[in-house]
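Worksheet for the structure shown next.
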Amino acid sequence: MILKVDQLKEGVLERQATSYDPRKLDLNFIDFHYLQNVLLEGFSERIKQTVTFRGALTSRVEQTCARCLEHIESTISSPFDLSYQAEGKETIDTTDDLRDILLLNRPDRFLCKATCRGICPQCGINLNRESCQCQNLSQNIHYGQIKIRKGSSRE
Numbered sequence: 007m008i009l010k011v012d013q014l015k016e017g018v019l020e021r022q023a024t025s026y027d028p029r030k031l032d033l034n035f036i037d038f039h040y041l042q043n044v045l046l047e048g049f050s051e052r053i054k055q056t057v058t059f060r061g062a063l064t065s066r067v068e069q070t071c072a073r074c075l076e077h078i079e080s081t082i083s084s085p086f087d088l089s090y091q092a093e094g095k096e097t098i099d100t101t102d103d104l105r106d107i108l109l110l111n112r113p114d115r116f117l118c119k120a121t122c123r124g125i126c127p128q129c130g131i132n133l134n135r136e137s138c139q140c141q142n143l144s145q146n147i148h149y150g151q152i153k154i155r156k157g158s159s160r161e
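The numbering of the sequence shown is this note's numbering, which starts it at 7 and goes up by one.
Here is the structure:
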């Protein structure tokens with residue numbers, strides 16, 4: 007969003023609203039997709055030579071759970087509070103700062119729920135929906151290997 011400094015009245019909150027195409031901001035990732043435009047709603051204010059821009063960025067996204075690989079749709083909202091020195095500037099381009107806010111608020115590791123059990127590493131079954139026979143077998147195999155190694159080191 008471009009803020010025109012000379013059109014901002016001193017000490018007056020001015021409503022700002024627009025939308026961004028996430029593809030133009032290069033915001034889609036393998037495990038995180040915007041399903042609609044990012045909506046910006048906020049207020050700008052100029053006090054002397056400082057412009058303050060506050061609001062929130064909101065959109066619908068699809069995220070992939072890091073454990074079970076399920077795709078989950080949700081609404082995200084990223085609040086922001088930006089300040090700019092406007093001295094000698096006719097306009098202020100906030101686009102890069104708003105993109106950074108969206109990137110910083112994206113979860114590094116998304117889970118569909120805190121208790122997600124993930125997928126079985128052997129058969130690939132989603133353990134949130136079904137159980138498999140591999141689970142107990144794989145635990146026993148690992149402990150069996152420890153016992154074998156422990157026993158062989160004494161000889």
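Cβ coordinates follow ideal geometry from the N, Cα and C atoms, glycine included.
Closest Cα partner of residue i within the set the options
i, options, result
"residue 57", "87, 137, 36", "87"
"residue 45", "38, 7, 71", "7"
"residue 133", "83, 23, 76, 100", "76"
"residue 107", "79, 36, 28", "28"
"residue 120", "85, 72, 54", "72"
"residue 9", "98, 115, 127", "98"
Contact with chain B by residue i, beta-carbon distance below 8 Å
i, result
"residue 101", "No chain B appears in the structure shown, which is made up of a single protein chain."
Proximal residues to residue i (C-beta, below 6 Å), its chain only, five neighbours per side dropped
i, result
"residue 78", "69, 118"
"residue 105", "31"
"residue 81", "66"
Close Cβ partners of residue i (< 7 Å) along its chain, the five nearest in sequence each way excluded
i, result
"residue 112", "38"
"residue 95", "11"
Range of the contiguous beta strand (DSSP E) that encloses residue i
i, result
"residue 48", "44-53"
"residue 38", "38-40"
"residue 25", "20-26"
Own chain, CB closer than 8 Å to residue i, minus 5 neighbours either side, in chain order
i, result
"residue 36", "70"
"residue 74", "118, 122, 123, 124, 125, 132, 133, 134"
Sequence ranges, alpha helix (DSSP H) only - wholly within the stretch 63-103, length at least 4: none
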